[in-house]
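Engineer: Before I ask anything, here is the structure I am working with.
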Amino acid sequence: MKNDAASIYPLTLLYDGACPVCKLEMRNLASRDRKGELRFVDVSVPGFDAARYGLALPDLLKEIHAVQANGAVVRGLEVLRLTYSAVGLGWLARPTGWPLLKPAFDRLYVLFARNRYRVPAGFASVLFRLAARNAVRRTHACSDGKCKL
Numbered sequence: 445m446k447n448d449a450a451s452i453y454p455l456t457l458l459y460d461g462a463c464p465v466c467k468l469e470m471r472n473l474a475s476r477d478r479k480g481e482l483r484f485v486d487v488s489v490p491g492f493d494a495a496r497y498g499l500a501l502p503d504l505l506k507e508i509h510a511v512q513a514n515g516a517v518v519r520g521l522e523v524l525r526l527t528y529s530a531v532g533l534g535w536l537a538r539p540t541g542w543p544l545l546k547p548a549f550d551r552l553y554v555l556f557a558r559n560r561y562r563v564p565a566g567f568a569s570v571l572f573r574l575a576a577r578n579a580v581r582r583t584h585a586c587s588d589g590k591c592k593l
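Plus 444 on top of the position in the sequence shown (first one is 1) and you've got the numbering used here.
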C-alpha cells in the first residue's frame, strides 16, 4: 500500500480514555489538529465495538492503535509518529523512527504503555500546561508581525 498522506489521513486514533495520561495527550493533540487530520475514538467507553475495526478490545487496551484512511491498522509508537507529524510536531517524534534508535524507542513505548496507569496525571498535566504556556508566549512574540528570537 502507498504510504502517502492521502492513504494515511484522516487517521483514526483508538485510545484508552480511562488512562489519565492518554486522555490528556489526546486533548493536547486535538487542540493542535488544525487541519482536521485526526479522529479520536475512546475505546474505554461502554458500548465500544472493537470488532467494527477488526480488532479485539484487550489488544486495544495494551497499546494505542490507529486506522489509516486506507484501512491499514498501525499500533504503538508508530501511531504517535504519524499523529505528531499530522499536528506539526513530526520533528519531535522523528528520532524515534531512526533505524538505530527505533528498536529502543519502541521497547520503551511498550514499557510505558504497560505502566501508563502508574504515571500521575498531575505530572502529565503540568508538562502540558508548560508546553501550552510556551506556545502562547511564542504566539505573542510574533503578534505585531515581527517575531522576537
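In this text, a Cβ means the ideal position worked out from N, Cα and C, and glycines have one as well.
Identify the continuous alpha helix (DSSP H) that holds Leu499 and give its terminal residues.
Structural biologist: Premise fails: Leu499 is in no alpha helix (DSSP H) and is neither H nor E.
Engineer: Can you grab the Cα-Cα spacing for the pair Val570 / Ser475, in whole Å?
Structural biologist: Cα-Cα distance, rounded: 16 angstroms.
Engineer: Tell me whether Asp460 sits in a helix, a strand or coil according to DSSP, three-state version.
Structural biologist: DSSP places Asp460 in coil when its eight states are reduced to three.
Engineer: Give every residue of the same chain whose Cβ lies closer than 7 angstroms to the Cβ of Cys466, excluding the five residues on either side of it in the sequence, and list them in chain order.
Structural biologist: Contacts found: Tyr459, Asp460, Arg560.
Engineer: Pair every Cβ in the segment 447-458 with every Cβ in the segment 498-513, then say whether three or more of these pairs are closer than 8 angstroms.
Structural biologist: Judged by Cβ distances under 8 angstroms, the segment 447-458 makes contact with the segment 498-513, as three or more pairs qualify.
Engineer: Is the CB-CB distance between Ile508 and Val523 below 8 angstroms?
Structural biologist: Yes, these two residues count as a Cβ contact at 8 angstroms.
Engineer: Straight-line CA distance for Tyr553 to Ala516?
Structural biologist: Spanning the two alpha carbons is a distance of roughly 21 angstroms.
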